[in-house]
Each structure stands twice: as C-alpha cells, then as structure tokens.
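*Asks:* Please find one structure pasted underneath; my questions will follow.
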Amino acid sequence: EEEQYDGFYAVASNLDSDPLEIIKVNKMRWQIEECFRVVKLEFKARPIYVRLENRIKAHLLTCYIALVLYKYLDKVTEHRYSCEQLFETLKEMNMLELVGKGYVPAYKRTEITDMLHEIFGFRTDYEIIKKDNMKKILKHTKTKIQNAKF
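The numbers in this note's numbering rise by one with no breaks, and the one at position 70 of the sequence shown is 52.
This is the structure we're talking about:
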C-alpha cells in the first residue's frame, strides 16, 4: 500500500503562509544549504576567534559580502566554476606597480581570468595599464557591481 506514495514528498509546517509559497521556498532549500556550506567550508566563517560583538558582526558581514560576490560570479559565469576556483583565481590576480609607468599583471592568464575580463568588459592581462586607466577600470567595476541584478 505504501508503494502508491513512492515519489511523493510531504512538507509539514506550522507557518500561516500560503502553502504554495511554503512549497516554493522548500524547493529552494538546497540553495540555502549550499550557501551555508560555502560560508562554513570555503570562507571558514567558524570558529570565530573574536570576542567583541562588533568584531563578530564585522566578521560575519565580511563572510556575507563574500557570499554575495560568489553568488554573483557564479551566476555571471553560468555556474562553470567552483567557489574555490573563482576565489583562488581572484586571489592570484595581483598587479605590480611600475613606478611612473603604471601597472602590469603579476598573474598567470587562465580560462577563468579570460572569462572574468569578458564579463567585466576590460583587460588587465596583456599590457601596462596607466594609473588613469586603472582608476577608470576600478570605477567601471564598481558601477557594474552596483548595477548588478541578482
């Protein structure tokens, strides 16, 4: 008799919300769980080695901002790369300042760096970038992030 219920999933809740809304949120549960996994494992949100409340809040806010950035990058890269791949690439994308000349890349060009350059609409990987141009790139990036739709 129980076989007739195979493949069905029951949701029990004491919330007064619309049942369809509860089901919709429940279907997104895996995404919520994935966010907690990323924060816990990739961002090492715990243990927290600070005691003052404002520092704990600052630590958690930093983890939250990192999560938002990861989710944005995951979306714009069409889920092609893991969180670790994206953040390792970003950590390695350093620039070296040549005094009086500008900036040169101090990182290895990869498939991910190429995709990030395409997405954000500028290149930093093949020429000296003058200080004025670097300011424009940073301003462009800030504007692009502020206008992002999640």
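Here a beta-carbon is modelled for each residue, glycine too, at the ideal position from N, C-alpha and C.
Under a three-way DSSP split, which group does residue 87 fall into?
*Replies:* If DSSP states are grouped into helix, strand and coil, residue 87 belongs with the strands.
*Asks:* With 16 other CB atoms within 10 Å as the buried threshold, where does residue 55 fall?
*Replies:* Per the 10 Å Cβ criterion, buried.
*Asks:* Considering just the uninterrupted stretch of the beta strand (DSSP E) at residue 80, what are its terminal residues?
*Replies:* Element bounds for residue 80: 77 to 80.
*Asks:* Could you compute how far the alpha carbon of residue 22 sits from the alpha carbon of residue 2?
*Replies:* Each residue's alpha carbon lies about 30 angstroms from the other.
*Asks:* Between which two residues does the alpha helix (DSSP H) carrying residue 1 extend?
*Replies:* Segment 1 to 9, the alpha helix (DSSP H) holding residue 1.
*Asks:* Between residue 41 and residue 32, which are expected to be in contact by the criterion C-beta below 8 angstroms, what is the C-beta distance as a whole number of angstroms?
*Replies:* That pair is a contact at about 6 angstroms.
*Asks:* Which of the three DSSP states, helix, strand or coil, is assigned to residue 111?
*Replies:* Correct three-state label for residue 111: strand.
*Asks:* Only counting the same chain, and skipping five residues up and downstream in sequence, which positions put a Cβ closer than 6 angstroms to that of residue 85?
*Replies:* Same-chain partners within the cutoff: 77, 79, 111, 116.
*Asks:* Considering residue -13, what are the terminal residues of the alpha helix (DSSP H) in which it resides?
*Replies:* Unbroken run through residue -13: none, as it is neither H nor E.
*Asks:* Tell me the residue span of the alpha helix (DSSP H) that contains residue 31.
*Replies:* That residue, residue 31, is in no alpha helix (DSSP H); it is neither H nor E in DSSP.
*Asks:* Give the DSSP-derived three-state secondary structure of residue 70 in the structure shown.
*Replies:* Residue state, collapsed to three classes: helix.
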